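Taking it in order: structure first as structure tokens, then the write-up.
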Amino acid sequence: MAGPGVFGPVKDEARAIQVLRDAVASGVNHIDTSDFYGPHETNKLIKKALHPYADNLCIVTKVGARRDEKGGWLTAFTPQELVSAVEDNLCNLGLEVMEVVNLRSMLDIHQPKEGSLEPQLEAMIKLKERGLVRHIGLSNVTVKQVEDAQKLTPIACVPFFPLGGFSPLQSTQLDEIAADLQATPMQVALAWLLRRSPNILLIPGTSSPEHLQENLASARLNLSDEVMEKLNGMN
């Protein structure tokens, strides 16, 4: 819902708006966004397409980063920067309270890195106490950071890139299973994730109405126990 590298304006705004409206009309009630996408572009687009929002629509945002003038990723990880980021998200989305705000660890921009997140979490907890945030989540974090955070406040964890990519052998195996099911490999992968736990929420990206419907079809894909065993055994 933004330009290349989620930087700059979207190429076809009308198409992006249609994707958002089709998603909600098809029953999607969880939209993952951030004000650092664009920056600001995706949130303004969501507001333009969907505001006033349906009562059951959960819009989830992320804070902890910002962009430079060329689209590079920078940290915005001080308590004050996090407060400002939440306020910007609320403003650009046209909301009075965020249902969920995920704190994206920026101790390392590209991957999880050990280190204390306590000052950042304390800032998020204060935002929750002010009524600006209902739930706090974490992203790009280690197991220990999740465990430490749970000692301070209830926490949701959003896995980044949960499928981790596929090796050539895994791709071949997945292609064969998908062909048998008359589905795409990605549909099978998404359906496998959904079968792993009733608490898993998928946030696959999409840029067209056709791709949206393809993603949604994965929720209707029936994976037998035999297929699940094959998928679980892929290595």
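Residue numbers (my numbering): 219 to 453. Heads up, the beta-carbon is just placed ideally off N, CA and C, and yes, glycines get one too. Keep in mind it's a predicted model, so treat the numbers as computed, not measured.
- As for any alpha helix (DSSP H) of minimum length 4 sitting wholly inside the region 234–281, the runs are 259–268, ordered along the chain.
- Annotation for glutamate 305: the continuous alpha helix (DSSP H) segment containing it runs 297–311.
- Boundaries of the beta strand (DSSP E) harbouring alanine 283: 283–285, taken from the DSSP string.
- For the 8 Å CB-CB criterion, leucine 430 and leucine 420 do not form a contact.
- Beta-bridge pairing by DSSP links histidine 353 to Val318.
- One alpha carbon belongs to leucine 292, the other to proline 330, and they sit about 15 Å apart.
- Collapsing the DSSP output to three states places alanine 401 in coil.
- Residue pairing by DSSP places tryptophan 291 opposite Arg285 in a beta bridge.
- The residues Ile354, Gly355, Leu356, Val364 and Ala367, in chain order, have a CB closer than 7 Å to that of isoleucine 373 in the same chain once the five nearest residues on each side in sequence are set aside.
- Leucine 345 places its beta carbon less than 8 Å from that of valine 301.
- Counting only residues of its own chain and dropping the five nearest sequence neighbours on each side, arginine 239 has a CB closer than 8 Å to the CB of Ala267 and Leu268.
- DSSP places isoleucine 373 within a strand segment (E or B) once states are collapsed to three.
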